[in-house]
Every structure is written in C-alpha cells, then in structure tokens.
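One structure below.
There are 2 protein chains.
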Amino acid sequence: MNAPVLSNIKCGECPIRHRAVCSRCEGAELDILEKIKVYRSFKAGEQILWRGEAMDFVASVVSGVATLGKTLEDGRTQMVGLLLPSDFIGRPGRERVEFDVIAASDVTLCCFDRKPFENLLLVTPHLSERLVEIALDELDAARDWMLLLGRKTAREKIATFLDMLIRRSSLEEETAQNDALTLPLSREEIANYLGLTLETVSRQLSALKSQGIIQFKDRRNFEVLNPQALCDLSGDDSAN
Amino acid sequence: MNAPVLSNIKCGECPIRHRAVCSRCEGAELDILEKIKVYRSFKAGEQILWRGEAMDFVASVVSGVATLGKTLEDGRTQMVGLLLPSDFIGRPGRERVEFDVIAASDVTLCCFDRKPFENLLLVTPHLSERLVEIALDELDAARDWMLLLGRKTAREKIATFLDMLIRRSSLEEETAQNDALTLPLSREEIANYLGLTLETVSRQLSALKSQGIIQFKDRRNFEVLNPQALCDLSGDDSAN
DNA sequence: GCGTTTCCTTGATCTGGGTCAAGTTTGACC
DNA sequence: GGTCAAACTTGACCCAGATCAAGGAAACGC
Chain A
1 MNAPVLSNIK
11 CGECPIRHRA
21 VCSRCEGAEL
31 DILEKIKVYR
41 SFKAGEQILW
51 RGEAMDFVAS
61 VVSGVATLGK
71 TLEDGRTQMV
81 GLLLPSDFIG
91 RPGRERVEFD
101 VIAASDVTLC
111 CFDRKPFENL
121 LLVTPHLSER
131 LVEIALDELD
141 AARDWMLLLG
151 RKTAREKIAT
161 FLDMLIRRSS
171 LEEETAQNDA
181 LTLPLSREEI
191 ANYLGLTLET
201 VSRQLSALKS
211 QGIIQFKDRR
221 NFEVLNPQAL
231 CDLSGDDSAN
Chain B
1 MNAPVLSNIK
11 CGECPIRHRA
21 VCSRCEGAEL
31 DILEKIKVYR
41 SFKAGEQILW
51 RGEAMDFVAS
61 VVSGVATLGK
71 TLEDGRTQMV
81 GLLLPSDFIG
91 RPGRERVEFD
101 VIAASDVTLC
111 CFDRKPFENL
121 LLVTPHLSER
131 LVEIALDELD
141 AARDWMLLLG
151 RKTAREKIAT
161 FLDMLIRRSS
171 LEEETAQNDA
181 LTLPLSREEI
191 ANYLGLTLET
201 VSRQLSALKS
211 QGIIQFKDRR
221 NFEVLNPQAL
231 CDLSGDDSAN
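Read top to bottom, the protein sequences are chains A and B. Going letter by letter, the first sequence gives residues 1 to 240 in the working numbering. Going letter by letter, the second sequence gives residues 1 to 240 in the working numbering.
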C-alpha cells in the first residue's frame with residue numbers, strides 16, 4: 001500500500017480538528033502529534049487495508065469517504081461501517097484489521113505509525129479519553145445499524161440512510177444549505193451498507209422520487225423536498 | 001438451571017474474576033472494588049434497565065443471561081447484544097442506556113454505583129485498560145453480527161448461533177463435555193437475536209435435527225452430533 | 001465525434017422467510 | 001392427578017425483496 005504523501009496541513013488549520021481523535025489536545029500534545037503525523041492519499045476504489053493484514057498505522061479521515069466491509073466465503077458482502085471526515089481507523093492493542101477498508105471516493109488520511117501512537121496514548125489522557133468516546137459512539141452506531149439490518153423494511157432502510165446523511169451534513173456545515181446533498185456511495189455500495197441488492201436500492205430511490213420526497217439533480221446529487229416524511233418513513237421512535 | 005441467591009462473594013473467589021472488568025486488578029485496587037460492590041439478583045423476565053432511563057450503576061454479569069434490545073415504534077424488536085457471565089453493562093460518560101436490558105434467566109449482577117466507579121476509572125489504569133478492551137471486543141462482535149443480520153440466510157444464522165454457543169461453552173468450562181449444550185434463550189428470543197421469526201427458528205432447528213446434526217434432549221437442552229457440519233453451514237470464512 | 005465501459009433503471013419472475021392458523025408438548029399451580 | 005397457559009411445532013399460503021434480464025445514460029479513452 002504505497003500512497004502519495006500530501007504536504008501536511010498545520011494541525012491548527014485542520015478541518016477536522018474539532019471532532020477527530022486529537023480534538024482534546026492542545027499545545028505540547030498537539031506539537032508531538034504534528035511531528036509524527038503523515039498525510040496519505042488514496043484514489044477512489046483503492047483498497048486501504050486488507051482484512052487480516054497487520055495494521056502498521058492508525059489514522060483519521062481528513063477528507064473523502066471510506067468503507068469497512070466484511071465478506072462471506074461465497075462473496076456476499078456487508079458493509080459494517082462508513083468512515084467520514086474526522087472518523088478514526090485502527091485500534092490500540094489490535095494487531096490486525098478485522099475487515100477490508102476501501103476508499104469510496106478519493107481519500108486523504110492523517111496517519112500515525114501505530115507503535116509511537118500507542119505509546120503516546122499511554123501518557124496522554126486527552127487522547128485516550130477521546131478514543132474511548134469514539135469507540136463507544138461507534139458501538140452505539142453499530143447497534144442502531146443492527147436494528148436496521150435485522151428488522152427494517154427496504155423502504156425504512158433507505159429512509160434511515162438518507163436521514164443519516166441529512167443529520168451528518170447539518171452537523172458538518174454551519175452553512176444552512178437548502179437540503180442539497182450528495183450520495184457518498186454508489187447504488188451497489190448503498191446496497192451493501194443496507195443489506196439489500198442494488199436493484200432494490202434503485203427502486204426505492206425511484207419510489208421516493210415519484211412521491212415527491214426527494215429530487216435528483218444527477219445520479220449522486222439530490223435535494224430533500226420533505227425531510228419530515230423521510231424521518232417518518234425511517235420507522236424509528238419519533239423521540240429522535 | 002439453579003438460581004443462586006448470592007450474598008457477596010469475596011472477589012478472590014469470584015467465578016468471573018479472570019475475565020470481568022476487574023481482571024487486571026490486584027491487592028489495594030481489588031480491596032476498593034470489594035468495598036463498593038453490591039450484588040443484585042433479577043428473576044427471569046425481569047427488566048433490568050429501560051431504554052432512555054438514567055443509569056445509576058454499572059455492573060458485571062456474575063451468573064445468568066441478559067439481553068440488550070432495541071424496539072421500533074411499531075413493536076418490532078431486535079436484540080443487539082447478549083450478556084453472559086463476565087460481560088459488562090454500562091459505559092463511563094454515558095448518562096442513559098440506549099436499549100432495554102432484560103434478564104433472560106435468573107441473573108446475578110455485581111454492581112458498582114456509577115459515580116464512584118467513574119472516579120475509580122480515572123485513577124486505576126488497570127480498570128480502564130480492561131474496559132477499553134471489553135468495548136472493542138463488543139464492537140468486533142457487533143460487526144460480525146451486522147454481517148449475519150444483513151447477509152446470512154436463516155440456516156446460516158441458526159448455524160452461526162449454535163456454533164457461537166459451542167465456542168463460548170468450550171471457553172468457559174475446562175471440563176471436556178460431550179458437546180451437550182443449553183439454549184440460553186427461548187425460540188422467540190433467538191428469533192429477535194437473529195432477525196427472524198420464532199416459526200423460522202423452530203423450522204430450522206427441526207431441519208438440523210432431521211439432518212442428524214443436532215439432537216434434542218428437551219426444549220432447551222441438546223447435543224451437537226456434528227460440530228463440523230454446523231461450522232460449514234455458518235457461511236463464515238473457514239479461516240475461523 | 002464514437003465506441004466502450006461502468007453505473008443505473010425498469011420490468012418479469014421466483015422464492016425464502018414471513019404471516020396466519022391449527023395443533024402439541026410442557027410445566028406450573030391448584 | 002387435572003386444568004390451564006405458555007412455549008413450541010407444523011402446515012398452508014403469501015409477499016417483499018432477490019434474481020434474471022434488457023435497456024438507457026453518463027463518463028472515459030481515443
């Protein structure tokens with residue numbers, strides 16, 4: 001896995017500073033991270049990590065989207081996570097990755113060699129605190145996804161997915177945009193994320209379109225005309 | 001199963017000492033835990049925690065089986081975790097539980113009030129280290145379960161579940177028993193765990209029975225005649 | 001521009017597992 | 001023991017979503 005090395009941005013100016021694993025670090029702690037970090041970029045479709053492979057680095061996603069996937073012996077695959085900017089790849093104390101990590105779009109990672117990072121964790125409570133938070137958030141997200149995969153209908157799955165995109169985007173950008181969004185994944189990738197086939201994904205999106213709930217600008221870009229309807233269709237408890 | 005009404009056992013003699021959150025603690029650390037712990041018992045079917053409820057304690061499962069469940073607004077439920085002896089309930093820094101916790105059998109918990117436990121975590125690396133490990137193990141388990149829920153057939157789900165019971169039991173008991181096992185859950189609970197209906201669970205178990213792979217002693221107790229076949233049917237990569 | 005490929009849509013058909021509906025077994029309580 | 005309810009099994013039928021199949025539209029290289 002040899003990826004071109006981007007020129008590093010100063011941590012102080014990093015777009016993901018407020019949410020990434022380093023968000024609690026300041027001053028001297030940040031200086032150390034600054035010194036050991038290396039940016040790496042991957043082209044869309046490139047595999048970042050192979051399941052079972054030794055993991056020599058950990059990283060934060062700076063830009064782009066990557067997927068975590070698992071595969072059965074006959075080739076059926078299920079995505080078990082989606083990595084968006086500020087999300088973290090890798091686990092202290094874990095030698096190997098348990099899934100494939102693939103760049104869904106062009107991706108830039110802020111990488112730390114695993115060993116130095118683990119040593120730093122031991123003496124930097126601000127770092128380990130945040131990492132525990134991130135792990136627990138992922139666990140909560142994984143459990144919500146289990147409910148989706150085990151019990152939701154195709155319609156509810158798609159609605160939940162779109163609703164997630166809305167929430168995530170309103171978190172990221174302060175700019176109150178008019179609910180114009182981009183699908184970060186192809187139809188097939190969405191299917192693998194939701195436990196569906198790509199045909200069903202396509203049909204459900206078409207159905208939402210013809211119901212006037214969403215409107216496509218092109219294949220990837222769309223607008224949500226009725227966010228409330230999406231939320232209602234998601235099947236989740238109204239209490240958020 | 002026998003429902004032990006336990007008064008506090010000395011930590012040194014606790015059956016889950018080697019795997020629970022306290023497993024790395026010795027001497028003075030253990031003395032402190034010993035002082036703040038309280039055993040609580042729950043009858044089979046009793047609800048231990050309600051989703052959204054404030055969580056005033058954290059706990060290790062000493063004996064019995066509890067389930068973590070989520071429910072959609074129309075009542076469909078999905079189990080998102082199974083708590084067996086030595087498993088941990090609760091999260092530092094989390095005020096509320098995100099799911100219902102229900103005793104599937106009579107359950108005994110080793111409880112710690114949340115606040116004192118959180119304070120202890122900050123000054124006891126042995127405790128927080130182990131807790132991070134436990135959280136990451138749960139995350140891995142959740143992701144394996146996502147693959148099961150999203151992509152496996154009913155047959156594969158049941159085979160995976162039984163295979164898991166075999167592995168877990170061979171971990172727990174050194175006693176090389178003849179693959180005699182107990183289902184820790186009712187048919188309906190298994191269905192909620194696997195994202196199936198109770199009828200499908202029953203049919204699949206009957207099918208495995210008539211194929212001579214398993215044999216029932218009564219509703220809950222059975223013997224695995226062909227563990228290899230179960231493993232093959234699970235759909236997972238042969239590489240464990 | 002024009003072929004080629006990749007991605008997506010839409011239709012027709014099939015099927016695994018859900019739903020509905022009886023029965024049967026078990027076990028708890030009087 | 002007898003009664004009753006809960007838990008489980010089995011059968012008949014149905015449907016959401018998978019599978020198979022045929023185009024269409026955007027992107028890419030030449």
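For every residue, glycine included, the Cβ atom is placed at its ideal position computed from N, Cα and C.
Query, Result
"According to DSSP, residues forming a beta bridge with B/LYS37", "B/PHE112"
"A/GLN204 to A/ARG220 span [Cα, whole Å]", "15 Å"
"Beta-carbon proximity of B/VAL58 to B/LEU68, cut-off 8 Å", "no"
"Status (buried if at least 16 other CB within 10 Å, exposed otherwise) for A/SER60", "buried"
"A/LEU162 versus A/GLU129, A/GLU138, A/ASP232 and A/LEU120, residue with shortest Cα-Cα distance", "A/ASP232"
"Per DSSP, the bridge partner or partners of B/ASN221", "B/THR182"
"4-residue-minimum alpha helix (DSSP H) runs that sit fully inside the segment 130-177 of chain B, ordered along the chain", "154-172"
"Under 8 Å (Cβ pairs) to chain A, residues found in the segment 19-53 of chain B", "GLY52"
"CA-to-CA distance, B/ARG114 to B/ARG91, given in whole angstroms", "9 Å"
"Rounded separation between B/VAL62 and B/CYS14 - CA only", "8 Å"
"Neighbour-count burial assignment, A/ASN192, 16 or more Cβ in a 10 Å radius", "buried"
"Per-residue DSSP class, three states only, for A/ASP100", "strand"
"Coil, strand or helix - A/SER128 by DSSP", "helix"
"Residues of its chain near B/ALA154, where Cβ-Cβ distance is below 7 Å and the 5 sequence neighbours each way are ignored", "LEU196, THR200 and GLN204"
"Environment of A/VAL123 [buried if 16+ CB atoms lie within 10 Å]", "exposed"
"Touch test, the segment 35-53 of chain A against the segment 91-108 of chain A, Cβ-Cβ under 8 Å, three pairs minimum", "yes"
"Nearest candidate by alpha-carbon position, reference A/ASP237, set B/ASP179, B/PHE117 and B/PHE99", "B/PHE99"
"Beta bridge counterpart(s) of A/LEU68 as assigned by DSSP", "A/GLY81 and A/VAL101"
"A/LEU196 in three-state terms, based on DSSP", "coil"
"Span of the alpha helix (DSSP H) around B/ALA229", "227-233"
"Residue burial classification, A/LYS10 (beta-carbon count within 10 angstroms, cutoff 16)", "exposed"
"is_contact[B/MET1, chain A] using C-beta, thresh 8 Å", "Model confidence at B/MET1 stands at a pLDDT of 36, short of 50, so the residue's coordinates are unreliable; what they give is reported in the following sentence. By this cut-off, B/MET1 is not an interface position."
"Rounded C-alpha distance that separates A/ILE134 from A/LEU127", "11 Å"
"Closest residue to A/MET164 among A/ARG151, A/LEU183 and A/GLY150 (Cα-Cα distance)", "A/LEU183"
"Chain A within 8 Å of B/GLY195, Cβ atoms only", "yes"
"8 Å Cβ cutoff met for A/LEU149 and B/GLY150", "yes"
"Status (buried if at least 16 other CB within 10 Å, exposed otherwise) for A/ALA159", "buried"
"Cβ neighbour criterion (16 or more within 10 Å) applied to B/GLY64", "buried"
"For A/ILE9, three-class secondary structure by DSSP", "coil"
"Burial state of A/LEU84 (16 or more Cβ within 10 Å)", "buried"
"Under the three-state DSSP convention, the category B/GLN47 falls into", "strand"
"Nearest-angstrom Cα separation, counted from B/LEU147 out to A/ALA207", "27 Å"
"Rounded Cβ spacing between B/VAL241 and B/GLU34 (contact assumed at less than 8 Å)", "No information on residue 241 of chain B is available, as it lies outside the stretch 1 to 240 that chain B covers here."
"Where A/ALA28 falls, given that 16 or more other Cβ within 10 Å makes a residue buried", "exposed"
"Proximal residues of chain A, C-beta to C-beta of B/ASP140 below 7 Å", "GLU98"
"Short CB-CB distance (under 8 Å) between A/VAL132 and chain B", "yes"
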